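Per the working numbering, the very first residue in the sequence shown carries number 21; after that it's consecutive.
We put the CB at the ideal spot given by N, CA and C, even for glycine.
All values derive from a computational prediction rather than experimental measurement.
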Amino acid sequence: MKKTIYFLKLICFAIIYLFIFASCSNNQNQEEKQEILNNKEEKESTLIESEKTKETNDYFNKTIIETTSSEPEIVEIDWAKYFNGFHGTAVLYDVSNKQYLIFQPELALIQRSPCSTFKIISSLIALEKKIIEPNNATRLWSGEVFWNEKWNHNIDFREAFRESCVWYFREVIDEIGKDILQEELNKLQYGNCDISDWQGKLNTNNQNPDLTGFWIESSLLISPKEQTEVMERIFGANSIYSKETQNELRQVMQVTEQEKTDISIYGKTGMGKAEGVVVDAWFTGFAEGKEGNLYFCIYLGRTDQKEVSSIAAKEIAISLISDYYK
21 MKKTIYFLKL ICFAIIYLFI FASCSNNQNQ EEKQEILNNK EEKESTLIES
71 EKTKETNDYF NKTIIETTSS EPEIVEIDWA KYFNGFHGTA VLYDVSNKQY
121 LIFQPELALI QRSPCSTFKI ISSLIALEKK IIEPNNATRL WSGEVFWNEK
171 WNHNIDFREA FRESCVWYFR EVIDEIGKDI LQEELNKLQY GNCDISDWQG
221 KLNTNNQNPD LTGFWIESSL LISPKEQTEV MERIFGANSI YSKETQNELR
271 QVMQVTEQEK TDISIYGKTG MGKAEGVVVD AWFTGFAEGK EGNLYFCIYL
321 GRTDQKEVSS IAAKEIAISL ISDYYK
């Protein structure tokens, strides 16, 4: 009898224990489920916020890209009075207004030989690569008598640039070499970038190898608008060239024969002939004034009954730019 009572008590304790254990286990499971649910909701909330932030950032990034990459406005303008019958074009890029002002836009897009305006580029590369050291850059005259008397002596870089001495820069270009020159022209997006006629044999006006080259009525071509764009790439805010190089070029390019003292004009002339007639005349460069910088190119083509020259192009540029800054 006692054994039976003991056995019954044991069964009762077991049932009570199982009941308590099941209850605790159930509560624990409920807590775990709730915790998992809370974590899930928190992760979903974080993901939603992250997606919203990404969408916002993408929107602003897109807006910034669209704003900074927008093309400058192109405005056609009548500057015929400055040209006085010359067949030609003018391109001005006004940085502050992000605006191209163009006279004769069709002509502004036609590629022609850069002629001596290319001395800006050969000087730029030679200065940057330390082929020219401005204070120690005298080259020896060969003794050959050239048509320009100012070339017939030993000459340094600054004088060679101002007097547009072809034999001096022929030597400089040969020292730069084809590979480096091609690479730099590609960087500058300089016209057709074609230097294939390295010696300038396509130029039938001159057979003297010291006075010919790809940049003189030969394989290399560039348009007036492209000239303006290249000037901005060299001297603009995003230039990849050293301040030292830019400042040296400023010195040799500065125009002294201007009346307005509150602006500074910098440029280089260039001129080419075909069968003894001037077919290309240039003046290209940039100007600095209180209202901001201008990059410009004046080009004159063959004009019957008119004496086309790079000096005429330069005079047009000075007059036009001076009036523009008024």
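The closest CA to that of THR304, considering only GLY233, PRO244 and LEU340, is found on PRO244. The DSSP-derived three-state label of TYR261 is coil.
Contact between the region 181 to 194 and the region 202 to 210 is absent: fewer than 3 CB-CB pairs across the two stretches fall below 8 Å. In its chain, beyond the 5 residues on either side, SER143, ALA146, PHE177 and VAL192 have a beta carbon closer than 8 Å to the beta carbon of ILE152. In this model, ARG322 and GLY256 are separated by some 31 Å (Cα to Cα). As computed with DSSP, ARG132 is found in a beta bridge with ILE242. DSSP places SER184 outside both helix and strand once states are collapsed to three, so it counts as coil. In the structure shown, ASN104 falls within a coil segment according to DSSP collapsed to helix, strand and coil.
Assignment of VAL192 by DSSP, reduced to helix, strand and coil, places it in the helix class. Approximately 6 Å separates the beta-carbon atoms of SER133 and LEU241; this is inside 8 Å, confirming the contact. Here DSSP, grouped into helix, strand and coil, assigns LYS207 to helix. As the crow flies, the alpha-carbon of ILE341 is around 23 Å from that of ASN258.
TYR344 has no beta-bridge partner at all, per DSSP. For LEU222, no beta strand (DSSP E) encloses it, and the DSSP letter there is neither H nor E. CA-to-CA, the gap between ILE318 and LEU160 works out to about 33 Å.
ASN223 and LYS198 have their C-alpha atoms spaced approximately 19 Å apart.
A check of alpha carbon separations from VAL299 across GLN119, ALA307, ALA333 and PHE306 identifies ALA333 as the nearest.
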